[in-house]
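Novice: Numbering (my numbering), first residue to last: 141 to 213.
Quick reminder that beta carbons are idealized off the backbone N, C-alpha and C, glycines included.
Take a look at this one; I'll ask things after.
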Amino acid sequence: MKEILRTTDPTVIAYATAILEGEGIDVFSMDQHMSVLEGSVGVLPRRLMVRDGDAFLARAALRDNGIDDGGAR
């Protein structure tokens with residue numbers, strides 16, 4: 141699995157997930173339940189992961205739709 145996006149903005153996660161699913165790319169959201177530990181203030185970033193073979197296409201799809209990778213590698 142490769143991380144393709146890291147952000148604290150849940151709307152960006154939802155938008156990116158919709159884009160990737162629309163492209164037929166399986167996506168897995170990580171750290172979405174960490175808000176319980178942080179007190180729901182949105183400090184800890186959430187991550188989107190894809191299969192290694194889908195990472196290039198996933199990054200291209202996000203970039204084409206104006207979503208930065210947020211420093212994910």
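Could you tell me whether the Cβ atoms of Ala156 and Leu202 are closer together than 7 Å?
Specialist: For this step, residue 156 is matched to residue 16 along the sequence shown. For this step, residue 202 is matched to residue 62 along the sequence shown. Taking 7 Å as the Cβ cut-off, Ala156 and Leu202 qualify as a contacting pair.
Novice: Considering just the uninterrupted stretch of the alpha helix (DSSP H) at Leu184, what are its terminal residues?
Specialist: Within the sequence shown, the letter at position 44 stands for residue 184. Counting along the chain, Leu184 falls outside any alpha helix (DSSP H), and DSSP gives it neither H nor E.
Novice: If you follow the beta strand (DSSP E) that Ser144 is in, where does it begin and where does it stop?
Specialist: Taking the first residue of the sequence shown as position 1, residue 144 is located at position 4. In the sequence under discussion, the amino acid at residue 144 is Ile, which differs from the Ser named in the question. That run of the beta strand (DSSP E) goes Lys142 to Thr147.
Novice: As a quick exercise: from Gly193, Asp192, Gln172 and Val190, pick the residue whose alpha carbon is nearest that of Leu184.
Specialist: Residue numbering aside, residue 184 sits at position 44 when the sequence shown is read from its first letter. The shortest Cα separation from Leu184 among Gly193, Asp192, Gln172 and Val190 belongs to Gln172.
Novice: Quick check: what's the CA-CA separation for Val190 versus Ile165?
Specialist: Position 50 of the sequence shown, counted from the first residue, corresponds to residue 190. Position 25 of the sequence shown, counted from the first residue, corresponds to residue 165. Their backbone Cα atoms lie some 7 Å apart in a straight line.
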